[in-house]
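Count the sequence shown with the working numbering and you get residues 1 to 337, in order. From the three backbone atoms N, C-alpha and C, an ideal C-beta is built for every residue, glycine too.
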Amino acid sequence: MTARTSRRARLTQRAGVPAVAALAAGALLSGCGLQTSGGFLPAATLAGPEKDVKPMTGTAISVGSKNFSEQILLGKMAGILLQANGAKVTDLTNIPGSASARQAQVSGQIDLEWEYTGTAWISYLGHANGIPDREKQYSSVRDADLKANKLAWLKPAPMNNTYGFATTAATAKRLGISKLSDLSKVPPKERTFCVESEFASRNDGFQPMLKRYGVPLGSAVPRGNVKTLDTGAIYEATAQGQCNFGEVYTTDGRIQSLNLKVMEDDRKFFPAYNVAVVVRQPVLSKNPQIEKLFAPVAAKLDDTTLRHLNAKIDVDGQDPAKVAMDWLVQEGFVKRG
């Protein structure tokens, strides 16, 4: 899967597809079986803080993920951990499309997968807008999904794969900026932006963001200062100086590889998209140690870590299962073999 396809998959999540449409799209699962290309899970044994977790010897559990790099990476981590704890894992990672992955779990074909708080709140549960406060977004989606679908959300990771704006390190230093509220002190001619068309037209997108930060489009930001590009082209255009500020997803590996700096969303405009392990409640009830198994791993997954790991896949071309295994070993969660 290419990095371009990966970004399109995320764009679909961010678009806020109504829950009814999402479930309808996923209905194909019941007719022809779950379409996935999960593949190989490296063998491992638990180590460090995971050694005291009660074994799940012989427990059958299916692990899913969507079909973009970050999701496959997280799905492989989950499969490796569960397998190392004695579970009999069916690897159903790399499911084409968010709607299909969601419906697979709602219907019971998938027992466990990682999901984003904002995605579930908007795309699956049908709310018009996300909640910028991370804890409120998590608690809201946790409670609603358990009640509606018997899906249990474990504690989320600190990583937040939301919208953001990035600039080069050189531009940030030259303009003396680090956060989006600094835009108000940037000369108007320097307020140049690269955005993709969907974000430019959203009612919670580019124009409302500029208004929140006191630099409205058409006055403080001349319309000629804005370029509309394909999602994947924005990173390179920002790095090359075609614009000073480019719309990005905040855990994208190209942020690291192109030495871009994400500006702090200090007025908390963008919705929270923290990732968390989601487990079918009946499975968690029978295997409560799942929570203990994943807690230390989730706690380590911040934005910087995901950018680094995503870059290994999307930029360096490494296999997601290898990247997942290497990181789990490096952090002391598992040993090989």
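Quick one: residues in its chain with C-beta nearer than 7 Å to the C-beta of P320, no 5 flanking neighbours on either side, listed in chain order?
-> Residue mapping note: residue 320 aligns to position 320 of the sequence shown, counting from 1. Apart from sequence neighbours up to five positions away, the residues of its chain that approach P320 with a beta-carbon distance below 7 Å are S69, I72, L73, K76 and I313, ordered along the chain.
Where does S30 sit, in a helix, a strand or coil, going by DSSP?
-> Taking the sequence shown and counting its residues from 1, the one referred to as residue 30 is at position 30. Because S30 carries a pLDDT of 40, less than 50, the predicted location of this residue cannot be relied on, and no value is offered for it.
In this structure, what does DSSP give as the bridge partners for Y116?
-> The residue labelled residue 116 in the question sits at position 116 within the sequence shown. Bridge partners of Y116 according to DSSP: V275.
Taking only runs that begin and end inside the stretch 197-284, name each unbroken alpha helix (DSSP H) of 4 or more residues, in chain order.
-> As far as the stretch 197-284 is concerned, its whole alpha helix (DSSP H) runs of at least 4 residues are 197-201, 206-212, 231-239 and 253-257.
R191 versus N225: straight-line alpha-carbon distance, rounded | On the sequence shown, residue 191 is found 191 positions in, with the first residue counted as 1. On the sequence shown, residue 225 is found 225 positions in, with the first residue counted as 1. Approximately 7 Å, taken between the alpha carbons.
Measure the Cβ-Cβ separation of A180 and D266 and say whether it is below 9 Å.
-> The residue you call residue 180 lines up with position 180 of the sequence shown. The residue you call residue 266 lines up with position 266 of the sequence shown. Note that residue 180 is Leu in the sequence shown here, rather than Ala. Yes; because the gap between Cβ atoms is below 9 Å, this pair is in contact.
Assign K54 to one of three DSSP states: helix, strand, or coil.
-> By 1-based counting over the sequence shown, the position of residue 54 is 54. Here K54 sits in coil by DSSP.
How about the stretch 148-155 and the stretch 90-101: do they share at least three Cβ pairs that are nearer than 8 Å?
-> Cβ pair count under 8 Å is below three, so no.
Figure out for me which residue from A299, A324 and K300 has the closest Cα to the Cα of A311.
-> Here the question's residue 311 lines up with position 311 in the sequence shown. For A311, the closest C-alpha among the options A299, A324 and K300 is that of A324.
What is the rounded straight-line gap between the Cα of G58 and the Cα of A84?
-> In the sequence shown, residue 58 corresponds to position 58, counting from 1. In the sequence shown, residue 84 corresponds to position 84, counting from 1. Near 11 Å, if we compare the C-alpha coordinates of A84 and G58.
Give a single yes or no on whether R134 has its beta carbon closer than 8 Å to a heavy atom of the ligand HEM.
-> As presented, the structure is devoid of all ligands, the ligand HEM included, so that no description of it is given.
Whole angstroms is fine: what's the gap from L306's alpha carbon to K189's?
-> Reading the sequence shown from its first residue, position 306 is the one you call residue 306. Reading the sequence shown from its first residue, position 189 is the one you call residue 189. Looking at the two C-alpha atoms, the distance is approximately 34 Å.
Excluding five sequence neighbours on each side, which residues of the same chain lie with their C-beta closer than 8 Å to the C-beta of Q330?
-> Locating residue 330 in the sequence shown gives position 330, counting from the first residue. If the five residues before and after Q330 are omitted, its C-beta is found closer than 8 Å to no C-beta atom of its own chain.
Please say whether A276 and E115 have beta carbons closer to each other than 9 Å?
-> Your numbering for residue 115 matches position 115 in the sequence shown. Your numbering for residue 276 matches position 276 in the sequence shown. Result yes, Cβ atoms of E115 and A276 sit closer than 9 Å.
From this set, G126, Y124, N129 and G118, which residue's C-alpha is nearest S139's C-alpha?
-> Position 139 of the sequence shown holds residue 139. Ranking the options by Cα distance to S139, first place goes to G118.
Less than 9 Å separating the beta-carbons of F333 and G86?
-> On the sequence shown, residue 333 is found 333 positions in, with the first residue counted as 1. On the sequence shown, residue 86 is found 86 positions in, with the first residue counted as 1. For the pair F333 and G86, the CB atoms are not nearer than the 9 Å cut-off.
Note the first and the last residue of the continuous beta strand (DSSP E) segment covering S62.
-> The residue you call residue 62 lines up with position 62 of the sequence shown. A60 to K66 is the extent of the beta strand (DSSP E) around S62.
Kindly list the residues whose CB is nearer than 7 Å to the CB of W327, restricted to its own chain and excluding five residues on each side of it in sequence; keep chain order.
-> Along the sequence shown, read from residue 1 onward, the residue named residue 327 stands at position 327. Take W327, set aside five residues on each side of it, and the residues of its chain with a beta-carbon closer than 7 Å to its own are L309, in chain order.
Bounding residues of the beta strand (DSSP E) (the contiguous stretch that carries D111) = Here the question's residue 111 lines up with position 111 in the sequence shown. In the DSSP assignment, D111 falls outside any beta strand (DSSP E) and carries neither an H nor an E.
How many angstroms separate the CA atom of L81 from the CA atom of R212?
-> For the purposes of this step, residue 81 is taken as residue 81 along the sequence shown, with counting starting at 1. For the purposes of this step, residue 212 is taken as residue 212 along the sequence shown, with counting starting at 1. Distance between the alpha carbons of L81 and R212: 42 Å.
Residues near A22 in its chain [Cβ-Cβ closer than 8 Å; skip 5 each side] | Along the sequence shown, read from residue 1 onward, the residue named residue 22 stands at position 22. With a pLDDT of 34 at A22, under the threshold of 50, the modelled position of this residue cannot be trusted; read the value that follows with caution. Excluding residues up to 5 positions away in sequence, S98, A99, R102, Q103, S123 and Y124 lie with their Cβ nearer than 8 Å to the Cβ of A22 in the same chain.
Would you kindly report the start and end of the unbroken alpha helix (DSSP H) that includes T162?
-> For the purposes of this step, residue 162 is taken as residue 162 along the sequence shown, with counting starting at 1. It is not in any alpha helix (DSSP H) - T162 carries neither H nor E in the DSSP assignment.
Residues that DSSP places opposite F193 in a beta bridge | Here residue 193 corresponds to residue number 193 of the sequence shown, with the count starting at 1. DSSP lists V226 and F245 as partners of F193.
In the DSSP assignment, find the alpha helix (DSSP H) that holds D316 and state where it starts and stops.
-> Mapped onto the sequence shown, residue 316 falls at position 316. The continuous stretches of alpha helix (DSSP H) do not include D316, and DSSP gives it neither H nor E.
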